[in-house]
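In our numbering, the protein residues as written are 269 to 420. A virtual CB, placed ideally from N, CA and C, is assigned to each residue, including glycine.
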């Protein structure tokens, strides 16, 4: 099968990869990716191994070799060696106002029939009072921990 992504390392890139592998002071995943690129290199100094040969030599899947090749061709050496940056933005369920309501609940009287507030009771009460649309008891726990509070 003809390779879609051809790895052609420059002398500088090859030297950088060799230094990285010989030092052994990086993440195992990064070192494996460096070895993949060195073996996949089709330049004059490269062995130009097939994906199958590389996957057998390093005991990894062929898809991993293909992904590293693709990332190198499309994004360069740094992109191929390192993990992608996470760009997900998490929206907080409880802002400052919600946290204030949570504190007032915790400091207030526990519901009838209960000796103390539980995390699930607090989460249910926040939803019932319409401070939030929905909330998990784990979020309540993390928020209370952050403020050094306890429902009991």
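Restricted to the region 295-383, the alpha helix (DSSP H) segments that are unbroken, complete and at least 4 residues in length are 296-308, 319-326, 330-343, 345-349 and 364-375, listed in chain order.
With respect to residue 273, residue 352 sits apart: the two C-beta atoms are not nearer than 8 Å. In the structure shown, residue 289 falls within a helical segment according to DSSP collapsed to helix, strand and coil.
In the structure shown, the three-state DSSP call for residue 412 is helix. CA-to-CA, the gap between residue 348 and residue 407 works out to about 36 Å.
The beta carbons of residue 301 and residue 336 sit closer together than 8 Å. Below 8 Å, enough C-beta pairs join the region 366-379 and the region 398-413 to call them touching: three or more.
Of the candidates 334, 405, 294 and 383, the residue whose Cα lies closest to the Cα of residue 392 is 405.
Buried is the label assigned to residue 304, since at least 16 other Cβ atoms lie within 10 Å of its Cβ.
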